[in-house]
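Have a look at the structure below before the remarks.
4 protein chains.
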Amino acid sequence: MKPNFRNDYSEIMHPRILARLAEQNLTKRAGYGTDEVCASAAAKLRLKLTRDDADVHFLVGGTSANLIALSAFLRPHEAVICAATAHINVHETGSIEAAGHKLINIETRDGKLTPSLIEQNFARYTDEHMVKPKLVFIANATELGTHYALAELRALRAVCDRLGLLLYMDGARIGSAMAASEVGFADLCCVCDAFYIGGTKNGAPVGEAMVIVNPKLKHDFRYIEKQRGGMLAKGFILGHIFDVLFDCNLYLELAGHANKCADKLRSVLAANGVPLAYETATNQVFAIVPNGKLGRWTDGVICEINERRADETVLRFVTSWATSEEDLRAFEDAVAGI
Amino acid sequence: MKPNFRNDYSEIMHPRILARLAEQNLTKRAGYGTDEVCASAAAKLRLKLTRDDADVHFLVGGTSANLIALSAFLRPHEAVICAATAHINVHETGSIEAAGHKLINIETRDGKLTPSLIEQNFARYTDEHMVKPKLVFIANATELGTHYALAELRALRAVCDRLGLLLYMDGARIGSAMAASEVGFADLCCVCDAFYIGGTKNGAPVGEAMVIVNPKLKHDFRYIEKQRGGMLAKGFILGHIFDVLFDCNLYLELAGHANKCADKLRSVLAANGVPLAYETATNQVFAIVPNGKLGRWTDGVICEINERRADETVLRFVTSWATSEEDLRAFEDAVAGI
Amino acid sequence: MKPNFRNDYSEIMHPRILARLAEQNLTKRAGYGTDEVCASAAAKLRLKLTRDDADVHFLVGGTSANLIALSAFLRPHEAVICAATAHINVHETGSIEAAGHKLINIETRDGKLTPSLIEQNFARYTDEHMVKPKLVFIANATELGTHYALAELRALRAVCDRLGLLLYMDGARIGSAMAASEVGFADLCCVCDAFYIGGTKNGAPVGEAMVIVNPKLKHDFRYIEKQRGGMLAKGFILGHIFDVLFDCNLYLELAGHANKCADKLRSVLAANGVPLAYETATNQVFAIVPNGKLGRWTDGVICEINERRADETVLRFVTSWATSEEDLRAFEDAVAGI
Amino acid sequence: MKPNFRNDYSEIMHPRILARLAEQNLTKRAGYGTDEVCASAAAKLRLKLTRDDADVHFLVGGTSANLIALSAFLRPHEAVICAATAHINVHETGSIEAAGHKLINIETRDGKLTPSLIEQNFARYTDEHMVKPKLVFIANATELGTHYALAELRALRAVCDRLGLLLYMDGARIGSAMAASEVGFADLCCVCDAFYIGGTKNGAPVGEAMVIVNPKLKHDFRYIEKQRGGMLAKGFILGHIFDVLFDCNLYLELAGHANKCADKLRSVLAANGVPLAYETATNQVFAIVPNGKLGRWTDGVICEINERRADETVLRFVTSWATSEEDLRAFEDAVAGI
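Residue numbers (this note's numbering), protein chains in the order written: chain A, 5 to 342; chain W, 5 to 342; chain G, 5 to 342; chain U, 5 to 342.
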């Protein structure tokens, strides 16, 4: 079978989540996340984050989570600073604009914002004829597989404090970023005003856990969650999912496994002289292949085309908690054969 | 244990859906509903609906489904005619207004719109200083447990045709409505421009199947679905869910079971002289209890308070596919004891 | 010529405003309301209002003013309580909903809200599945020509304080309301969080002066004004207009004249036995005429049809600063002849 | 007195417009643009445009006009292609995003879009995870004072036809662009689906005339106009304004005068060795001055700072219908003295 590295959301769910759902399947619980399982999972997260006072909300998916958060946090004229490659800028069908907010998107080398990029762009917005930059959106890991070092995150926090900006992190792949760096759960709360811990791309069937640290952003969040269609009737399912993912470090174990598998891909590509488009240590690998060989690559491995250039193509390979030894061996064989 | 008739989304999922997910758990599939399971489930639905040309989209939840549909179907100045008790008017935190559209809400006796109510209200909107009524929203079953007879639905269709209005049906409990009436799947397509078949309240962990019949409403629907945060990454889960629910008539069997259980509640209440607030044949039962006895009722049975009146209270009891003989016996005992 | 009582915005502008514009026509000034004329007009208003700290913004028209204010003051899930007859509910094409906010509209006897109506409706909004009432919208004078006594306004203020609601007043016809009551400019600031003083219906060619009293509502208002298309490039025109209107009490003189003319209409109607639909002391008069005589009325007087009932019709007659003795005599003759 | 070239909306109105308003001041007319003056002015425009079937709507200002048009023409997922320097992208406080639409902004050399820029950007939007480019927004003259030749406009029309895009023109300074080129009124209708003819920057106190050529875009436009707060109660004022502006070619005469005055500025600057940032033939002139001399420039001439660079500053000088010989002489003297 052709090795499949299309993405990290190709299987239904981690077996331990499935086991939990099976075990609890017929237990009756209250709806909309007001049940004890959600309460207990939220408490477990707060413990992990070492922030008793953080608000935790279990949401359905990433686009929905970003849309709800930014709708809740911003007034109509307040804008979002993000990388040009940001998921909200490219791949969420204008959901933030549909909620009324302009994105100020910035070209970057590797998908990462820097204090100076933020400062330069912030400085261009000077009066009421222009939108008012209010929130910095980063993804960690980024859409290009890169991740932020702790010092980089702290520098972003500092510039946001200086400029009066909020810092929000899309953590769809925060597990992979954390497993690839020294950033711990407690750091996230020190650095961000709000962020979400992604479930879908790390073993969950659905689900992202929004964490709000800044007290000014907490008020009435559930209203916005409901209004934007993001409050699941059977919210206890999300509670079960995160309760399992945060049991005994499973969340970071799964992400660490994905990263190790990606390391293997990286070494296979290096061994075969295939250059990488971005230097990554997370579960996404971007390889540059000549257009003349593109057909052989896509015949050999299931993956996504990330970018088409004049003479070459950037392919994206993604590993996950479910990537197996067989997958890796098949990849090695396929690449060798190309 | 106290009998629990709080709602029809208290358990995780029907065991046959769980079995399917377990069986298919590690099969890799393409994301966002572009997989074969979604295709096959959609085909199965179209067959059931006897409409080869209907568009079927699997969405996550009811509020989200309504929001996506109405956003997709309406221009900014076009308004929605609905009952004052409509879920979109009362219990979706203004999601339709947040998408920019006014609701023209109409007082009704039993949660049901009629041609004359529609005509009277439509006639009040005469020029560009007012919104333009464009879409009639009905729920079937309604939020008060009542349902539409086929003749009633056809009369609504006729008035919509006469006035140039779209007819949209919120089918969160369409199974229960169909099991209680002569309305078949093919009828839905003849009557509605679009509707959704609810999964969450009939055995699914998540999921509603949007059906678009009117060709003018189909264009670019997936863009709106994505923009509003309603496109699940692991869309194949929804495919599996509806593939199971529409296997061998399971969907209507589950709804029929819920209705029969509600019949039992109705007969228990009648036997104990407890009056009903609305005459229903679906899985929702609304009982009127004197305020003096309210504590004994809520001590005895888990249910929701639907309405507080001066001297009495309306309690809502909801049955489901998961309601058991024990639940019904416990209800009978509890009511007898009050 | 047929007497014309269609509305109070039928002429271009009061001659004193025209004289000012002619005199200042070629003076170059800075744009967007940042000029000295706007500053001086705002200062003059603040003096009149006896509130040094009130923010004053000159806006173009009523619908625009309401839209800007409510967009600026409310978060997405926050709703507006208003009379069912409110202009924003009926005659602004759903502009507030298009900005994302639900209107909770309340049936009234005479277009006026009362503390108990507000309390009853407020109490129905209990959790995050519903919108959150946040702002009470009143018009003074109302759309039915009635006005609030000072005690009534104070009672509204008290109930808003009790419930944590903002009180906003649409003052399109505030001049007429003030000329008909003991309410003074200083009272408006004590009672309202924000309100606008209408120019268009009291002699101005365009223009309404938004006054924001509550400091929490002032922040970044000009951003919203610009974003919603309500910031006039030649803002100094609005400055001139209000500078003239608030010169030597002209504003209330014009409104007082309109009211006196309306008194005359009222006495003519009474003398001819024509009943009124609402008891008014402002510049709007609503007469009930039998449908059999409708043609003779509309042949005789230019006016608007306010409401069509089974056997009778409500006609609206509006006087203005421009109503002349001839108009009144012509009205008297016309009515006598019907 | 210091010569003032800040902008083209510094005076109240052209004297002929003032004369008309004075003459018609007390004539009673119907509201909201339903009067005979608006009808006659629209007819006059249609004649000038040689398009009997064009819809003409008189709106208040530019931001409002753009907002109304794009709200009326686009579905929620449809995006706007524009230059990065476009007024809607920079100076309208995110009004288009506030109406829900993403702007795809493109870096240009001179503020002008080209077919290849449009094609390249269009090609990047490939599926429903991204917005759908639907409308090309150009300003003519552009925000950098450049203008489109007729051949360029026709090439834009052709690429729009090829790609299924609408072409919309912001004509705030269309008079100046036309006076500087061979583009005639009839050409505008051949090239654009819709556009507006700017009044504010060419002698009007307020007012822009929206022209809709494409029949598919005409439906219910007045609803959107009202909903967005852009329908003036005293619409007949706008009718008078455009009736005067389009009397005997006044509109283009005024613009031609402004252009000639700008020619004089250009020759003065050239004579003094001051380089221009953009080559323009319209009423905007962008001069590059060294930062060391910036103070002397702003002491000598009233103008706007357009761009601050490391060592130099771009100043913008704008002429208008009201620019006098004295202004030009004073400019010449001031520049000579720097």
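Cβ atoms here follow ideal geometry from the backbone N, Cα and C, with glycine treated the same way. The structure presented is a predicted model; accordingly, all values stated were derived computationally and were not measured.
I'd like the list of long-range same chain contacts for phenylalanine 199/G, defined as Cβ closer than 6 Å, with 5 residues on each side in sequence excluded. Position 195 of the third sequence, counted from the start, is the residue given in the question as residue 199/G. In the same chain as phenylalanine 199/G, and ignoring 5 residues on each side of it, the C-beta atoms closer than 6 Å to its own belong to Met173, Gly175, Leu192, Val215, in chain order.
Apart from the five residues on each side of it in sequence, which residues of its chain come closer than 6 Å, Cβ to Cβ, to proline 209/A? Position 205 of the first sequence, counting from 1, holds the residue named residue 209/A. Closer than 6 Å at the Cβ level, and outside the excluded window around proline 209/A, lie Ile16, Met17.
Per DSSP, the bridge partner or partners of phenylalanine 199/G: Counted from its first residue, the third sequence places residue 199/G at position 195. When DSSP reads this structure, phenylalanine 199/G sits in a beta bridge with Met173/G, Val215/G.
Here's the rule: buried if 16 or more other CB atoms are within 10 angstroms of the residue's CB, otherwise exposed. What is arginine 232/G? Locating residue 232/G in the third sequence gives position 228, counting from the first residue. Taking all protein chains shown into account, arginine 232/G has 16 or more neighbouring C-beta atoms within 10 Å of its C-beta and is therefore buried.
Relative to the C-alpha of asparagine 29/A, which candidate in Ile21/W, Glu96/W, Ala184/W, Ala274/W has its C-alpha closest? Translated into the one-based positions of the first sequence, residue 29/A becomes position 25. For asparagine 29/A, the nearest C-alpha among the options comes from Ile21/W.
In the stretch 114 to 148 of chain W, which residues sit with their C-beta less than 9 Å from some C-beta in chain U, listed in chain order? Listed by position, the residues of the stretch 114 to 148 of chain W near chain U (Cβ gap below 9 Å) are Asp131, Glu132, His133, Met134, Val135, Lys136.
Following the continuous alpha helix (DSSP H) through glutamate 96/W, name the residue where it begins and the one where it ends. In the second sequence, the residue the question calls residue 96/W occupies position 92. Judged by DSSP secondary structure, glutamate 96/W falls outside any alpha helix (DSSP H); it is assigned neither H nor E.
Simplified DSSP state of lysine 48/A, which is helix, strand or coil: Your numbering for residue 48/A matches position 44 in the first sequence. Helix at lysine 48/A.
Opposing strand residues paired with threonine 317/G [DSSP bridges]: Position 313 of the third sequence, counted from the start, is the residue given in the question as residue 317/G. DSSP, once it has assigned bridges, lists Val293/G, Arg312/G as partnering threonine 317/G.
Test item: CB-CB of arginine 55/G and valine 217/G under 8 Å: Reading the third sequence from its first residue, position 51 is the one you call residue 55/G. Reading the third sequence from its first residue, position 213 is the one you call residue 217/G. For the pair arginine 55/G and valine 217/G, the CB atoms are nearer than the 8 Å cut-off.
Using CA coordinates, which residue listed in Ala340/G, Lys106/G, Glu316/G is at the minimum distance from alanine 275/G? If you number the third sequence from 1, residue 275/G lands on position 271. Considering only alpha carbons, the answer is Ala340/G.
Closer than 7 Å at the beta carbon, the chain A residues around glutamate 101/U: Position 97 of the fourth sequence, counted from the start, is the residue given in the question as residue 101/U. The answer, in chain order, is Glu101, Gly104, His105, Lys106.
Using only CA atoms, which one of Thr327/G, Gly98/G, Lys52/G lies nearest to glycine 207/G? Within the third sequence, residue 207/G is the residue found at index 203, counting from 1. Cα-wise, what sits closest to glycine 207/G is Thr327/G.
According to DSSP, what are the bridge partners of glutamate 123/A? In the first sequence, counting from the first residue as 1, residue 123/A sits at position 119. BP columns for glutamate 123/A are empty, so no partner.
Using three-state DSSP, classify histidine 261/A as helix, strand or coil. Along the first sequence, one-based indexing puts residue 261/A at 257. Residue state, collapsed to three classes: helix.
Using three-state DSSP, classify asparagine 253/U as helix, strand or coil. The residue labelled residue 253/U in the question sits at position 249 within the fourth sequence. Looking at asparagine 253/U - three-state DSSP - the assignment turns out to be coil, as it is neither helix nor strand.
Going straight from the alpha carbon of arginine 33/A to that of aspartate 251/A, what length do you get? Indexing the first sequence from 1 puts residue 33/A at position 29. Indexing the first sequence from 1 puts residue 251/A at position 247. Computed Cα separation, rounded: 21 Å.
Proline 294/U burial status per 10 Å Cβ neighbour count (16 or more: buried): To locate residue 294/U, count along the fourth sequence from 1; it is residue 290. An exposed status is given to proline 294/U, since fewer than 16 other beta-carbon atoms sit within 10 Å of its beta-carbon.
If the cut is a Cβ gap below 7 Å, which residues of chain W does histidine 81/U touch? Your numbering for residue 81/U matches position 77 in the fourth sequence. The contacting residues are Asp224, Tyr227, Ile228, Gln231.
Which residues share a DSSP beta bridge with leucine 221/A? Position 217 of the first sequence, counting from 1, holds the residue named residue 221/A. Answer by DSSP bridge pairing: none, since leucine 221/A is not bridged.
Assigned secondary structure, phenylalanine 9/W (DSSP; H/G/I helix, E/B strand, else coil): Locating residue 9/W in the second sequence gives position 5, where the first residue counts as 1. Under the three-state reduction of DSSP, phenylalanine 9/W is assigned to coil, being neither helix nor strand.
Pairwise C-alpha distance: lysine 297/W and valine 305/W: Numbered from its first residue, the second sequence carries residue 305/W at position 301. Numbered from its first residue, the second sequence carries residue 297/W at position 293. The alpha-carbon atoms of valine 305/W and lysine 297/W are separated by roughly 13 Å.
From the DSSP output, in three-state form, read off isoleucine 16/W for me. Position 12 of the second sequence, counting from 1, holds the residue named residue 16/W. DSSP, reduced to helix, strand and coil, places isoleucine 16/W outside both helices and strands of the structure shown, so it counts as coil.
For phenylalanine 126/U and alanine 76/U, what's the separation of their Cα atoms in angstroms? On the fourth sequence, position 122 is the one that residue 126/U refers to. On the fourth sequence, position 72 is the one that residue 76/U refers to. Phenylalanine 126/U and alanine 76/U: Cα-Cα distance of roughly 22 Å.
Work out the CA separation of glutamate 123/W and leucine 171/W for me, nearest whole Å. Within the second sequence, residue 171/W is the residue found at index 167, counting from 1. Within the second sequence, residue 123/W is the residue found at index 119, counting from 1. Going by the C-alpha atoms only, they are around 14 Å apart.
Can you pull the chain G residues whose beta carbon is under 7 Å from the beta carbon of serine 75/A, in chain order? Along the first sequence, read from residue 1 onward, the residue named residue 75/A stands at position 71. Per Cβ cutoff of 7 Å: Pro80.
In whole angstroms, give me the CA-to-CA distance for arginine 300/G and leucine 273/G. In the third sequence, counting from the first residue as 1, residue 300/G sits at position 296. In the third sequence, counting from the first residue as 1, residue 273/G sits at position 269. Distance between the alpha carbons of arginine 300/G and leucine 273/G: 15 Å.
Since glutamine 288/W sits in a beta bridge, which residues does DSSP pair it with? As a first step, residue 288/W is located in the second sequence; it is residue number 284 there, counting from the start. Answer is Val322/W.
Rounded separation between phenylalanine 246/U and threonine 89/U - CA only: In the fourth sequence, counting from the first residue as 1, residue 246/U sits at position 242. In the fourth sequence, counting from the first residue as 1, residue 89/U sits at position 85. Near 29 Å, if we compare the C-alpha coordinates of threonine 89/U and phenylalanine 246/U.
Find the nearest neighbour of glutamate 229/A within the set Pro7/G, Leu63/G, Met134/G, judged by alpha-carbon distance. Working through the first sequence from its first residue, we reach residue 229/A at position 225. Closest by C-alpha distance to glutamate 229/A, out of Pro7/G, Leu63/G, Met134/G, is Met134/G.
Contact set between histidine 95/W and chain G, taken where Cβ atoms lie within less than 8 Å: Here residue 95/W refers to the residue found at position 91 when the second sequence is read from its first residue. Going along chain G in sequence order, the residues near histidine 95/W (Cβ under 8 Å) are His133, Met134.
Nearest candidate by alpha-carbon position, reference alanine 45/W, set Val318/W, His244/W, Leu258/W: Position 41 of the second sequence, counted from the first residue, corresponds to residue 45/W. Per the C-alpha coordinates, the member of Val318/W, His244/W, Leu258/W positioned closest to alanine 45/W is His244/W.
Chain-ordered neighbours of asparagine 206/W on chain A, where CB pairs are closer than 8 Å: Within the second sequence, numbered from 1, the residue matching residue 206/W stands at position 202. Contacts between asparagine 206/W and chain A, judged by CB atoms closer than 8 Å, are missing: the closest CB pair is about 12 Å apart.
Is asparagine 287/A close to chain W? Criterion is C-beta to C-beta, closer than 8 Å. Counted from its first residue, the first sequence places residue 287/A at position 283. Closer than 8 Å: no.
Under a CB-based cut-off of 8 Å, is leucine 16/W close to chain A? Residue numbering aside, residue 16/W sits at position 12 when the second sequence is read from its first letter. First, the residue type needs correcting, since residue 16/W is isoleucine and not leucine in the sequence shown. By this cut-off, isoleucine 16/W is an interface position.
Between the Cα of lysine 205/U and the Cα atoms of Ile85/U, Val187/U, Glu330/U, Gly260/U, which residue gives the shortest distance? Residue 205/U sits at position 201 when you count from the first residue of the fourth sequence. Comparing Cα-Cα distances from lysine 205/U to each of Ile85/U, Val187/U, Glu330/U, Gly260/U, the minimum goes to Gly260/U.
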